[in-house]
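Peer 1: What follows is a structure written as structure tokens; I'll ask about it next.
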Amino acid sequence: MNIKLALVGQSGCGKSSILYRIQRDAFAEVIPTQSLELMQKKMQFNDSTVNLQLIDTVGQEQFNSISPQFYRNLNAIGITCDSVQSLEKANYWYAQSKQNNEAAKIYFILSKSDQQNIQEELLLNFAAEKQIPLLKMSALTGEGINIFVQTVLKDTVVFEDKEVAEPMKKIGGRVVCF
Ligand SMILES: Nc1nc2c(ncn2[C@@H]2O[C@H](COP(=O)(O)OP(=O)(O)OP(=O)(O)O)[C@@H](O)[C@H]2O)c(=O)[nH]1
Ligand SMILES: [Mg+2]
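Residues in the sequence shown are numbered consecutively from 23, following my numbering.
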């Protein structure tokens, strides 16, 4: 079973570092992402082997061109922010995500929780307004990373089984992969 998770958000907000931490359980200095990058991590979840596909996107606006087709293939989208400025951009990423994929699970990620200085109220307001869960994490310390991954798997694997995979399995006898 393939689960596709992408992180979007302003350049420098910590997307690549989070994905690196998820994949390797380590922190490394990374350079700004230049094009879409795909990483994979095989995981056990509820007696199934899940191939978690981690999709890194380009934050720098001049290089950013994420197609509607790209969004349509995703199971989960993490809108990432680390500052008040990147929180303003989060509205754009939320609108893009919703517009291109109604079904994907959307998460609001506060990155760099080890050095946070955004007012809690601003974060909670955004999450409440958009009705998406707020997850705080640090790629540097690893705090909150496992909870995020487990939340994504719980939401998306259930989603695939109940709403898409079962009817398709009956017809085609295959496990559905997005
Ligand atoms: N303190 C702290 N710094 C972090 C953390 N995660 C990332 N950084 C730093 O933030 C900077 C940007 O991180 P990236 O992961 O490259 O950010 P990005 O969102 O992938 O940026 P683009 O690829 O340009 O879109 C780097 O200098 C990282 O070392 C964290 O959890 N804590
Ligand atoms: Mg990056």
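The C-beta atom is built at its ideal place from N, Cα and C for all residues, glycine as well.
1. Going by beta carbon distance, what residues of the same chain come within less than 6 Å of Met65, once the five residues before and after it are set aside?
2. Under three-state DSSP, which class holds Gly34?
3. For Ala98, which residues of its own chain have a beta-carbon under 8 Å away from its beta-carbon, when the five flanking residues on both sides are left out?
4. Would you kindly report the start and end of the unbroken beta strand (DSSP E) that includes Asn73?
5. Using the beta-carbon count (16 or more within 10 Å), is Leu60 buried or exposed?
6. Using only the heavy atoms of ligand 1, determine whether one of them is closer than 7 Å to the beta carbon of Ser133.
7. How many angstroms separate the CA atom of Gln172 from the CA atom of Phe67?
8. Tell me whether Asn24 sits in a helix, a strand or coil according to DSSP, three-state version.
9. Closer than 7 Å by C-beta to Gly195: which residues in its own chain qualify, once you throw out the five before and the five after it? Chain order, please.
10. Please report the straight-line C-alpha distance between Asp136 and Phe49, rounded to a whole angstrom.
11. What does the alpha-carbon distance come out to for the pair Lys120 and Asp69?
12. Is Ile169 closer than 8 Å to Leu157 when the C-beta atoms are compared?
13. Mind checking whether the beta-carbon of Ser229 lies closer than 7 Å to any heavy atom of ligand 2?
14. List the whole-angstrom C-beta distance separating Gly36 from Ser133, where the pair is believed to meet the contact cut-off of C-beta under 8 Å.
Peer 2: In this structure, then:
1. Position 43 of the sequence shown, counted from the first residue, corresponds to residue 65. Within the same chain, Met65 has close Cβ partners Val72, Leu74.
2. By 1-based counting over the sequence shown, the position of residue 34 is 12. Reduced to three states, the DSSP call for Gly34 is coil.
3. Translated into positions along the sequence shown, residue 98 becomes position 76. Contacts found: Ile25, Lys26, Leu27, Ala28, Ala126, Lys127, Ile128, Tyr129, Val174, Asp177, Thr178.
4. Along the sequence shown, one-based indexing puts residue 73 at 51. First-last of the beta strand (DSSP E) with Asn73: 70 to 78.
5. The sequence position of residue 60 within the sequence shown is 38, counting from 1. Burial state of Leu60 is exposed, judged by a 10 Å Cβ sphere holding fewer than 16 other Cβ atoms.
6. Within the sequence shown, the letter at position 111 stands for residue 133. Within the cutoff, so yes.
7. The sequence position of residue 172 within the sequence shown is 150, counting from 1. The sequence position of residue 67 within the sequence shown is 45, counting from 1. Linking Gln172 to Phe67 through their CA atoms gives a straight-line distance of about 9 Å.
8. Counting from 1 along the sequence shown, the entry for residue 24 is found at position 2. Strand.
9. The residue labelled residue 195 in the question sits at position 173 within the sequence shown. For Gly195, the predicted structure reports a pLDDT of 35, less than 50, and the residue's modelled location is therefore unreliable. A value from the coordinates is still provided. Once the five neighbours on either side are set aside, Gly195 has no close Cβ partner at all.
10. Counting from one through the sequence shown, the residue named residue 136 turns up at place 114. Counting from one through the sequence shown, the residue named residue 49 turns up at place 27. Asp136 and Phe49 have their C-alpha atoms spaced approximately 13 Å apart.
11. Here residue 120 is taken as the residue at index 98 of the sequence shown, counted from 1. Here residue 69 is taken as the residue at index 47 of the sequence shown, counted from 1. Each residue's Cα considered, the two are about 31 Å apart.
12. Along the sequence shown, one-based indexing puts residue 157 at 135. Along the sequence shown, one-based indexing puts residue 169 at 147. It is a contact, given that the beta carbons lie within the stated cut-off.
13. Because the chain in this structure spans residues 23 to 200, residue 229 falls outside the shown range and cannot be described.
14. The count along the sequence shown starts at 1 and reaches residue 36 at position 14. The count along the sequence shown starts at 1 and reaches residue 133 at position 111. Their Cβ separation, rounded to whole angstroms, is 4 Å, which keeps Gly36 and Ser133 in contact under 8 Å.
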